[in-house]
Each structure stands twice: as C-alpha cells, then as structure tokens.
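>
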Amino acid sequence: MKKIGLVLLLLSFVKIGSGQLIGYNPQYRFAHSNNLVADKNFYLLTVINNYPDAESLIRQDNVLSGMLSARVALLKRHVNDTCSFPSDLVADFKYTRADSLQIDGAITMLYSANPNVFDKIINNDLRPSGYYQRFISLNNKALLLKAWGQYIYGINYIIDQFGLGKKMRYPRIDTANYVVTGRYYRTVLKDIFALLDEQTGDMKLFYQPSLAIAMHLMDANDRDEPARFEPMEQKENKKAFDRIKQIQWNKYTYAAIVIPGNGPEIYSTPISPDNKLHCDAAAIRYLKGLAPFIITSGGYCYPFRGPYCEAIEMKKYLMGKYGIPEDAIIVDPHARHTTTNFRNANRLIIRYGIPVTKPSLFVTSKSQHDYVMKDAFDKRNTHELGYLPYRDKKSISNQDVVYYPVMECLHMDPLDPLDP
Numbered sequence: 005m006k007k008i009g010l011v012l013l014l015l016s017f018v019k020i021g022s023g024q025l026i027g028y029n030p031q032y033r034f035a036h037s038n039n040l041v042a043d044k045n046f047y048l049l050t051v052i053n054n055y056p057d058a059e060s061l062i063r064q065d066n067v068l069s070g071m072l073s074a075r076v077a078l079l080k081r082h083v084n085d086t087c088s089f090p091s092d093l094v095a096d097f098k099y100t101r102a103d104s105l106q107i108d109g110a111i112t113m114l115y116s117a118n119p120n121v122f123d124k125i126i127n128n129d130l131r132p133s134g135y136y137q138r139f140i141s142l143n144n145k146a147l148l149l150k151a152w153g154q155y156i157y158g159i160n161y162i163i164d165q166f167g168l169g170k171k172m173r174y175p176r177i178d179t180a181n182y183v184v185t186g187r188y189y190r191t192v193l194k195d196i197f198a199l200l201d202e203q204t205g206d207m208k209l210f211y212q213p214s215l216a217i218a219m220h221l222m223d224a225n226d227r228d229e230p231a232r233f234e235p236m237e238q239k240e241n242k243k244a245f246d247r248i249k250q251i252q253w254n255k256y257t258y259a260a261i262v263i264p265g266n267g268p269e270i271y272s273t274p275i276s277p278d279n280k281l282h283c284d285a286a287a288i289r290y291l292k293g294l295a296p297f298i299i300t301s302g303g304y305c306y307p308f309r310g311p312y313c314e315a316i317e318m319k320k321y322l323m324g325k326y327g328i329p330e331d332a333i334i335v336d337p338h339a340r341h342t343t344t345n346f347r348n349a350n351r352l353i354i355r356y357g358i359p360v361t362k363p364s365l366f367v368t369s370k371s372q373h374d375y376v377m378k379d380a381f382d383k384r385n386t387h388e389l390g391y392l393p394y395r396d397k398k399s400i401s402n403q404d405v406v407y408y409p410v411m412e413c414l415h416m417d418p419l420d421p422l423d424p
C-alpha cells in the first residue's frame with residue numbers, strides 16, 4: 005500500500021524535457037494581491053500581476069483591449085442610466101460563449117507568439133502552486149487555456165449567484181443575503197457602479213471590470229469566507245504546523261484524524277449535537293494514540309449566515325472537554341460540504357507536509373458514515389469536484405472510514421467561490 009501511495013505522489017511531479025518539475029511543489033510560496041478572496045478564486049490573475057511582460061502583451065492585444073473598452077464603457081453608462089435591475093446592470097459582465105471563444109483565440113495567439121513569456125508564469129507559478137493540479141498532464145498552452153476557462157466559469161458563477169440571485173449549487177447556505185430585485189439591493193448595485201467609475205482609469209486589462217464587479221458583489225453580501233483565518237499556518241494552525249516536523253510518523257497508525265462539520269440548526273448554538281458526537285469519537289481515538297493530529301473541518305454553513313465556524317467550535321470543544329492540546333489540532337475553517345471536508349483536510353495534509361503515504365481516519369456519526377460509504381457519495385464527488393478526493397476508502401467501524409489523500413484535492417474549484 006505504501007508503494008502505491010508513493011507512486012501516486014511521484015506522478016504529481018510530471019517532468020518536461022528540461023527536467024523541470026511541472027506539478028505541485030511543496031516549496032512553492034503563493035503570490036498575493038490586496039484581495040485574498042480574489043487570490044483564492046482567480047489565482048491566474050494574481051500571478052499575472054507579477055509578470056509585466058505578460059500584462060503588456062495582454063493589454064496590447066486588439067481583441068482583448070476591445071473587450072476592455074466595451075466593458076468600461078458599459079460600467080460608466082450604468083452610473084447614470086435608467087437601468088436598475090440586476091439583469092440589466094450586471095448580466096453583461098458575464099462571459100458568453102462568444103466571449104469565451106474570443107478570449108481563447110486571443111490567448112492562443114499570444115502564447116504561440118510569445119511562449120517564453122507565458123511559460124515562466126506556467127512553470128514558475130501555475131503548475132507548482134497546485135491550484136491547477138488536474139491540468140498538469142497538459143502541455144503549457146493547453147494548461148493556460150484551461151486556467152483562463154476557470155476564470156470565466158468563476159466570474160459567471162459569482163455574478164449569477166450574488167448579482168442575479170440565481171439558485172446555484174447550495175442555495176440554502178450560499179445564496180445572496182438580499183432579494184436582489186428589491187429596492188435596497190438595486191440601490192446598492194447602482195452605487196457600486198458609481199464607485200467603480202472612479203477606478204476605471206486603472207483598469208488596463210480586459211478582465212478587470214468583471215473581476216471588480218464580482219468582488220464587490222461578494223463583499224456586498226459579506227461573503228469573505230475564503231479569506232477568514234488566513235494565513236492559517238501563521239495564526240490558528242501555527243502551533244500544530246510548527247509541531248509537524250517533530251513527529252515520528254512510524255509511531256502512529258494514521259497520519260491524521262479528520263472530523264467533518266455538522267452545523268447547528270439553532271442560530272444561537274455554537275456546536276450541534278451530532279458534531280459533539282463526531283468530536284467525542286475522534287477524541288477517544290486520539291487519546292489512544294492512533295494519530296498525532298486531529299483536523300476539524302467545517303466553515304460558516306448552518307444555519308444560513310450563522311455566527312459560528314464549525315471547525316473553530318470543534319477545536320474549542322476538544323480542548324475544553326478532553327484537554328487535547330492546541331498543537332495537536334489543525335483547523336480547516338472553510339469547508340462547506342462533506343465532499344470538501346475530505347478535499348480540504350487533504351489540502352492541509354499535503355501542503356503542511358503530513359505523509360500522504362500513511363492513511364488518515366475520517367471519524368463521524370453513523371448516519372454520515374453510512375452516507376459517505378454509499379456509491380451515491382462517490383457520484384456526488386465526481387459530479388461536483390470532477391474527481392474522488394480520496395482513494396482506497398474503507399469502512400472499519402460504524403464511525404470510522406480509512407482513506408488516502410489524492411493530489412487532485414489541491415485543484416482550485418471555480419464553482420465554489422466561498423471555498424474555492
């Protein structure tokens with residue numbers, strides 16, 4: 005089993021002719037802008053900001069500069085025109101199929117004429133970041149086009165959800181705070197355009213108007229979840245992160261014990277009855293010495309816009325009731341679904357240097373355990389994520405599922421803007 009895991013890990017570091025690694029690199033350090041929500045959702049754009057040559061080529065392209073001019077003009081027009089409903093104000097900042105084809109064609113021509121400029125971005129940032137891990141088997145041009153495609157999907161999703169009020173993947177917890185066609189929200193939208201009108205002079209790249217609209221829509225709904233608690237390895241996870249390098253892994257059966265969240269139904273309740281059971285079961289296993297770390301996974305999910313983060317409340321519960329030390333608890337305060345409980349825990353395991361060749365233990369209630377072990381759960385993962393965020397999944401009790409992480413979990417999801 006260990007040999008299989010090692011082979012899978014090595015496959016994540018596919019090589020090109022020069023011998024340069026083109027998959028995830030554990031030593032990679034992320035680029036940042038002044039907006040962490042944008043960084044997590046649209047990392048390609050954050051990276052481009054650090055490459056003036058690439059920015060210049062994109063800015064000078066006739067097709068892309070024409071798209072910029074049209075959207076800046078539209079933004080300015082909406083400041084004082086009579087349009088007041090979201091369908092009239094923000095819908096045209098989405099990308100149509102024709103727009104996508106134009107962008108695809110322009111980027112293809114730019115790459116073909118200037119491969120060295122864009123290869124630096126791809127080889128130095130996109131590939132080693134892990135954010136585009138599912139594309140690493142593609143050549144550089146194809147990977148770049150896929151990355152732009154993810155930008156388009158992500159922008160459209162945000163505008164649909166928070167601008168047009170469409171019921172997207174999980175409307176019970178991810179919808180807009182307001183009735184988007186109501187008088188108040190329509191006023192907010194017009195005021196957003198007025199503010200952005202002052203900033204159009206700084207918009208030099210075709211994607212900036214739509215990006216600005218999308219980020220303001222998320223901000224208007226207080227949806228800054230991707231940025232909360234970051235950087236975790238310097239804040240909430242610092243003690244555990246610093247301890248990882250000291251662990252003698254051969255002393256433990258499992259690399260980590262993963263606890264999925266289960267949000268309370270009552271607004272004033274910090275931790276649900278079922279989540280207490282998850283923690284109780286996990287604490288028993290930790291105190292038996294089965295793993296050196298517990299990963300609590302769950303964000304601000306239930307009830308809608310509730311004040312409590314599942315992962316943080318589980319951490320408090322484990323420390324308060326069982327005396328489990330803080331340096332043994334790693335929090336994932338972003339996951340919103342059982343699918344991403346697996347995915348996000350694996351992201352932390354991989355990025356923090358916890359061995360992926362050692363199995364982890366997913367500990368939960370019997371009801372959730374039974375759900376996770378059904379074929380329907382595998383199908384849900386494949387449908388929503390595009391892959392299974394685990395391998396060799398196996399039930400060993402009514403509460404325990406053993407599994408191994410997969411590298412695809414690093415891949416950024418453009419259709420989950422609150423936890424990309």
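Each residue of the sequence shown is one higher than the one before, counting from 5 in my numbering.
We treat Cβ as the ideally placed atom computed from N, Cα and C, and that holds for glycine.
List, from N- to C-terminal side, the alpha helix (DSSP H) runs of 4 residues or more that fit wholly inside the region 336 to 381.
Within the region 336 to 381, the complete alpha helix (DSSP H) segments of 4 residues or longer fall at 342 to 355 and 370 to 376, listed in chain order.
> Do you know offhand how far L48's Cα is from Y115's?
For the purposes of this step, residue 48 is taken as the residue at position 44 of the sequence shown. For the purposes of this step, residue 115 is taken as the residue at position 111 of the sequence shown. One C-alpha to the other measures close to 15 Å.
> Could you pull the start and end residues of the alpha helix (DSSP H) that P307 belongs to?
Within the sequence shown, numbered from 1, the residue matching residue 307 stands at position 303. No alpha helix (DSSP H) holds P307; DSSP gives it neither H nor E.
> From V121 to I217, what distance separates their C-alpha atoms?
Your numbering for residue 121 matches position 117 in the sequence shown. Your numbering for residue 217 matches position 213 in the sequence shown. One Cα belongs to V121, the other to I217, and the distance between them is close to 29 Å.
> Of the residues G169, L40, P274 and I354, which one's Cα is nearest the Cα of F245?
Position 241 of the sequence shown, counted from the first residue, corresponds to residue 245. Among G169, L40, P274 and I354, the Cα nearest to that of F245 is on I354.
> Around the Cβ of L215, are there at least 16 other Cβ atoms within 10 angstroms (buried) or fewer (exposed)?
The residue you call residue 215 lines up with position 211 of the sequence shown. So L215 counts as buried.
> In whole angstroms, give me the CA-to-CA distance for L419 and Y99.
Position 415 of the sequence shown holds residue 419. Position 95 of the sequence shown holds residue 99. Straight-line Cα distance between these residues: approximately 15 Å.
> Enumerate in chain order the residues of its own chain whose CB-to-CB distance from L79 is below 7 Å, with the five nearest sequence positions on each side excluded.
For the purposes of this step, residue 79 is taken as the residue at position 75 of the sequence shown. Apart from the 5 residues on each side of it in sequence, L79 sits with its Cβ closer than 7 Å to the Cβ of F197, L200, D201, T204 and P213 in its chain, given in chain order.
> Is K171 helix, strand or coil by DSSP?
In the sequence shown, the residue the question calls residue 171 occupies position 167. Of the three classes helix, strand and coil, the one that applies to K171 here is coil, per DSSP.
> Tell me whether V76 sits in a helix, a strand or coil according to DSSP, three-state version.
Within the sequence shown, the letter at position 72 stands for residue 76. Three-state result, V76: helix.
> If I measure Cβ to Cβ from L72 and keep anything under 6 Å in the same chain, skipping five residues before and after, which residues do I get?
Looking up residue 72 in the sequence shown gives position 68. Shown here for L72: same chain residues with a beta carbon closer than 6 Å to its own, the five before and five after excluded, namely F210 in chain order.
> Please list the terminal residues of the continuous alpha helix (DSSP H) segment that includes V94.
Position 90 of the sequence shown, counted from the start, is the residue given in the question as residue 94. Taken as a continuous stretch (DSSP letters only), V94 belongs to no alpha helix (DSSP H), as it is neither H nor E.
> Which stretch, first to last residue, makes up the beta strand (DSSP E) that contains Y408?
For the purposes of this step, residue 408 is identified with residue 404 of the sequence shown, where counting begins at 1. For Y408, the enclosing beta strand (DSSP E) covers residues D404 to Y408.
> Tell me, please, whether the region 230 to 240 touches the region 263 to 283 by the rule of three or more beta-carbon pairs shorter than 8 Å.
By the Cβ test, the region 230 to 240 is not in contact with the region 263 to 283, since fewer than three Cβ pairs between them sit closer than 8 Å.
> Ordered along the chain, which non-local residues of its own chain (more than five positions away) have a Cβ less than 7 Å from that of S88?
By 1-based counting over the sequence shown, the position of residue 88 is 84. So the list reads R190 and K194, once near-sequence residues are dropped.
> R289: buried (16+ other C-beta within 10 angstroms of its C-beta) or exposed?
In the sequence shown, the residue the question calls residue 289 occupies position 285. R289 should be labelled buried.
> Can you tell me whether A146 sits near the ligand NAD, meaning its C-beta is under 8 Å from at least one heavy atom of the ligand?
For the ligand NAD, the structure offers nothing, since it holds no ligand at all.
> Starting from the C-beta of A224, find all residues in its chain whose C-beta is less than 6 Å away, skip the five residues before and the five after it, and write them out in chain order.
Here residue 224 is taken as the residue at index 220 of the sequence shown, counted from 1. So the qualifying residues of the chain are V192.
> Quick one: give me the first and last residue of the beta strand (DSSP E) that S301 is part of.
To locate residue 301, count along the sequence shown from 1; it is residue 297. Residues I298 to S301.
> What's the gap between the Cα of L25 and the Cα of Y136?
Here residue 25 corresponds to residue number 21 of the sequence shown, with the count starting at 1. Here residue 136 corresponds to residue number 132 of the sequence shown, with the count starting at 1. Note that L25 scores a pLDDT of 44, beneath 50, so its modelled location is shaky; the value from the coordinates is reported in the next line. Spanning the two alpha carbons is a distance of roughly 14 Å.
> Can you tell me which of K243, P363 and D379 puts its alpha carbon nearest to the alpha carbon of T257?
Here residue 257 refers to the residue found at position 253 when the sequence shown is read from its first residue. Out of K243, P363 and D379, P363 has the C-alpha closest to the C-alpha of T257.
> So, with DSSP's three-state summary, where would you put I8?
For the purposes of this step, residue 8 is taken as the residue at position 4 of the sequence shown. Caution is warranted here: a pLDDT of 42 is assigned to I8, below 50, making its placement in the model unreliable, and the coordinate value is therefore given only provisionally. Correct three-state label for I8: helix.
> List, from N- to C-terminal side, the beta strand (DSSP E) runs of 3 residues or more that fit wholly inside the region 253 to 298.
261 to 264
> Which first and last residues belong to the beta strand (DSSP E) in which R395 is found?
Here residue 395 is taken as the residue at index 391 of the sequence shown, counted from 1. Per DSSP, R395 is one residue of the beta strand (DSSP E) stretching across R395 to S399.
> Who are the near neighbours of P424 in its chain, counting only those whose CB is closer than 8 Å to its CB and skipping five residues on each side?
The residue you call residue 424 lines up with position 420 of the sequence shown. Excluding residues within five positions, the ones whose Cβ falls inside 8 Å are K44, N45, G158, P230, M416, D417 and P418.
> Under a three-way DSSP split, which group does M334 fall into?
Position 330 of the sequence shown, counted from the start, is the residue given in the question as residue 334. Sequence inspection shows Ile at residue 334; the Met mentioned does not correspond to that position. In this structure, I334 counts as strand in the three-state DSSP scheme.
> Going by C-alpha distance, which of Y407, N350, V184 and H373 is nearest S91?
As a working mapping, residue 91 is identified with position 87 in the sequence shown. Answer by Cα proximity: V184.
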